[in-house]
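Trainee:
There are 2 protein chains.
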Amino acid sequence: MSPALHPDLEPLTFLLGTWAGTGDGAYPTIADFAYGEQITMAHTGAPFLSYMQRTWSLADNRPLHAETGYLRTSRTGTGWRVQLVVAQPTGIVEVDEGVLARALKDGTSCESIVLTSTTVARTSTAKDVTAVRRVWEVCGDVMSERLEMAAVGQPLQLHLEARLTRQDHDNDR
Amino acid sequence: MSPALHPDLEPLTFLLGTWAGTGDGAYPTIADFAYGEQITMAHTGAPFLSYMQRTWSLADNRPLHAETGYLRTSRTGTGWRVQLVVAQPTGIVEVDEGVLARALKDGTSCESIVLTSTTVARTSTAKDVTAVRRVWEVCGDVMSERLEMAAVGQPLQLHLEARLTRQDHDNDR
Numbered sequence: 176m177s178p179a180l181h182p183d184l185e186p187l188t189f190l191l192g193t194w195a196g197t198g199d200g201a202y203p204t205i206a207d208f209a210y211g212e213q214i215t216m217a218h219t220g221a222p223f224l225s226y227m228q229r230t231w232s233l234a235d236n237r238p239l240h241a242e243t244g245y246l247r248t249s250r251t252g253t254g255w256r257v258q259l260v261v262a263q264p265t266g267i268v269e270v271d272e273g274v275l276a277r278a279l280k281d282g283t284s285c286e287s288i289v290l291t292s293t294t295v296a297r298t299s300t301a302k303d304v305t306a307v308r309r310v311w312e313v314c315g316d317v318m319s320e321r322l323e324m325a326a327v328g329q330p331l332q333l334h335l336e337a338r339l340t341r342q343d344h345d346n347d348r
Numbered sequence: 176m177s178p179a180l181h182p183d184l185e186p187l188t189f190l191l192g193t194w195a196g197t198g199d200g201a202y203p204t205i206a207d208f209a210y211g212e213q214i215t216m217a218h219t220g221a222p223f224l225s226y227m228q229r230t231w232s233l234a235d236n237r238p239l240h241a242e243t244g245y246l247r248t249s250r251t252g253t254g255w256r257v258q259l260v261v262a263q264p265t266g267i268v269e270v271d272e273g274v275l276a277r278a279l280k281d282g283t284s285c286e287s288i289v290l291t292s293t294t295v296a297r298t299s300t301a302k303d304v305t306a307v308r309r310v311w312e313v314c315g316d317v318m319s320e321r322l323e324m325a326a327v328g329q330p331l332q333l334h335l336e337a338r339l340t341r342q343d344h345d346n347d348r
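The listed protein sequences derive, respectively, from chains A and B.
So the numbering used here is basically just the index in the first sequence, starting at one, shifted up by 175.
So the numbering used here is basically just the index in the second sequence, starting at one, shifted up by 175.
#1: For K302(B), which residues of its own chain have a beta-carbon under 7 Å away from its beta-carbon, when the five flanking residues on both sides are left out?
#2: Kindly provide the ranges of any beta strand (DSSP E) runs that are 3 or more residues long and lie completely inside the region 257–334 of chain A, ordered along the chain.
#3: Within 8 Å, do at least three Cβ pairs link the region 177–186 of chain A to the region 307–320 of chain A?
#4: Under a three-way DSSP split, which group does P238(B) fall into?
#5: Does DSSP put F223(A) in a helix, a strand or coil?
#6: Please name the residues in the region 257–273 of chain A whose beta-carbon is closer than 9 Å to at least one beta-carbon of chain B, in chain order.
#7: Along the region 281–307 of chain B, what residues have a CB closer than 7 Å to any CB found in chain A?
#8: Should D235(A) go down as buried or exposed, given a rule of 16 or more other Cβ atoms within 10 Å for buried?
#9: Does the region 259–277 of chain B come into contact with the region 291–300 of chain B, if we say contact requires no fewer than three beta-carbon pairs (one atom in each stretch) closer than 8 Å?
#10: Taking 7 Å as the cut-off, does the CB of V260(A) come closer than this to any heavy atom belonging to the ligand COA?
#11: Going along the region 192–221 of chain B in order, which residues come within less than 8 Å of chain A, judged by CB to CB distance?
#12: Can you confirm whether the region 184–203 of chain B touches the region 329–336 of chain A when touching is taken to mean that 3 or more C-beta pairs between the two stretches lie within less than 8 Å?
#13: If you compare alpha carbons, which of R237(A), M227(A), E286(A) is closest to G244(A)?
#14: Tell me whether A195(A) sits in a helix, a strand or coil according to DSSP, three-state version.
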């Protein structure tokens, strides 16, 4: 049985659930690749969403990336801002802040979050990632995801693009 | 069925499993408190351990803190160094680095990790945490955990102390 959603999370309701799909990755320093992805956004009744993500190779199912963290909101005079903190197993942590947006696309109401890194920090042996921009757009049960990254001397540019569908609204996994 | 442990994680084998127990919290700016805690350290075959932690009130079982992240190792000329990246739902991220140690205590072989933050970063509304020091010591199936913290203008000092016992070595939860 799920606890009641904390009122601070009302603006993020559209993200809740488990999402799965596929994506494409590209960067000037590596070969293009395709991946499977699963995201779970869950809550405990406290004023944060937990975020768990993992990806795998579509070729042989081996695990690729993973990341984990939390989303929260803060109130402004006129609405909400959104915060994301993320840890990555490559030895990178990220603090992102951003805004919510709403749009009508082909008659479907879509909600999105646009987040830009305010800090990217790393362990002494991790790759030099300097900035990240993340967009999550949800239209009904379809999530479009974009991740732009500045790393290893390259300017901020599209790195990952995925399309996921909501598997369930279950908060217990 | 668990995948084979990545060789880079051999020095961290002693952490694997699910751990549960209780702890005590104190800080000059807050009232003392007691908490229940569960930690899971798991792996996927990739060169990192995933770390999931949650705590709850011993008085009424309500969720208190949670944190999540990853551990990895790096080789030095003479041994290993350990890295931890953590995201906290309070809007804080942490990069810690440190060393492994071994000691004999009352005839039991104990292994420990001592980690010091190299970065603590936060969202615009999070509490001002500036430094963290973490010690995880495992003697058989008992884990002693200490967390020191410098925050809100206070110097680095003991904040949390817990004693957990290993519930299982299961890697699948």
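Glycine residues also receive a C-beta, built at the ideal position from the N, C-alpha and C atoms.
Mentor: This is what the structure gives:
#1: Within the second sequence, numbered from 1, the residue matching residue 302(B) stands at position 127. For K302(B), the CB contacts under 7 Å within the same chain, skipping 5 residues up- and downstream, are T265, A326, V327 in chain order.
#2: For the region 257–334 of chain A, whole beta strand (DSSP E) runs of length 3 or above, ordered along the chain, are 267–280, 283–297, 304–314, 317–326.
#3: Segments in contact, no.
#4: In the second sequence, residue 238(B) corresponds to position 63, counting from 1. For P238(B), the secondary structure class from DSSP, reduced to helix, strand or coil, is strand.
#5: By one-based count along the first sequence, residue 223(A) stands at place 48. When secondary structure is reduced to three states using DSSP, F223(A) falls in the coil class, being assigned neither helix nor strand.
#6: For the region 257–273 of chain A, which is checked against every Cβ of chain B, the residues closer than 9 Å are Q258, L259, V260, V261, A262, Q263, P264, T265, G266, I267, V268, E269, V270, D271, E272.
#7: Shown in chain order are the members of the region 281–307 of chain B whose Cβ falls below 7 Å from a Cβ of chain A: T294, A296, R297, T298, S299, T300.
#8: By 1-based counting over the first sequence, the position of residue 235(A) is 60. With fewer than 16 other Cβ atoms inside 10 Å of its own Cβ, D235(A) counts as exposed.
#9: As far as the Cβ criterion goes, the region 259–277 of chain B touches the region 291–300 of chain B, which means the pair count is three or higher.
#10: As far as ligands go, the structure on display features none, and thus does not contain the ligand COA.
#11: Those residues of the region 192–221 of chain B that come within reach of chain A (Cβ to Cβ, closer than 8 Å) are T219, G220, A221.
#12: No, the region 329–336 of chain A does not touch the region 184–203 of chain B.
#13: Here residue 244(A) refers to the residue found at position 69 of the first sequence. Here the closest residue by C-alpha is M227(A).
#14: Here residue 195(A) refers to the residue found at position 20 when the first sequence is read from its first residue. The answer is strand: DSSP assigns A195(A) an E or B state.
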